[in-house]
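Scroll down for the structure; my scribbles are underneath it.
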Amino acid sequence: MPHVSLGNDAPGILSLFEYRPETAKPLCDLAEVLLRGPSTLTRGERELIAAYVSTLNDCDFCASSHAAFAAAQLPQG
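In this note's numbering, the protein residues as written are 1 to 77.
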């Protein structure tokens, strides 16, 4: 459930993208750098952190998405 109603039924951050389409590309570019760019952390570790933060933010959609990506990229699943 979003903290601010944006007048659409899209889940998670997709709701923001639908509400303000011009923000989608810059936000996706930022996420790409943070989650997949060069780092001392593996991609799986970064996805795991994103899943944890999404859980703290009560965003089931984002938590589930990041957890699935983390499980696919971490050796222990």
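Each residue gets a CB set at the ideal place from its N, CA and C atoms; glycine is no exception.
Exposure label - Arg20; buried when at least 16 CB within 10 Å: Position 20 of the sequence shown, counting from 1, holds the residue named residue 20. By the 10 Å Cβ count, Arg20 comes out exposed.
Helix, strand or coil for Ala9, going by three-state DSSP, please let me know. Your numbering for residue 9 matches position 9 in the sequence shown. Looking at the sequence itself, residue 9 is Asp, so the reference to Ala does not match. Of the three classes helix, strand and coil, the one that applies to Asp9 here is coil, per DSSP.
With distances taken Cα to Cα, identify the nearest neighbour of Ala50 among Thr40, Ala31 and Ser39. On the sequence shown, residue 50 is found 50 positions in, with the first residue counted as 1. Of the listed residues, the one whose Cα sits closest to Ala50 is Ala31.
Thinking just about the alpha-carbon of each residue, which of Asn57, Asp58, Thr42 and Leu56 is nearest to the one in Phe69? Start at 1 with the first residue of the sequence shown, and residue 69 comes out as number 69. Phe69 has its Cα closest to that of Thr42, out of Asn57, Asp58, Thr42 and Leu56.
Would you kindly check if the distance between the Cβ of Gln73 and the Cβ of Thr47 is under 8 Å? Against the sequence shown, residue 47 aligns to sequence position 47. Against the sequence shown, residue 73 aligns to sequence position 73. Residue identity check: residue 47 is Glu in the sequence provided, not Thr. The criterion of a C-beta distance shorter than 8 Å is satisfied by Glu47 and Gln73.
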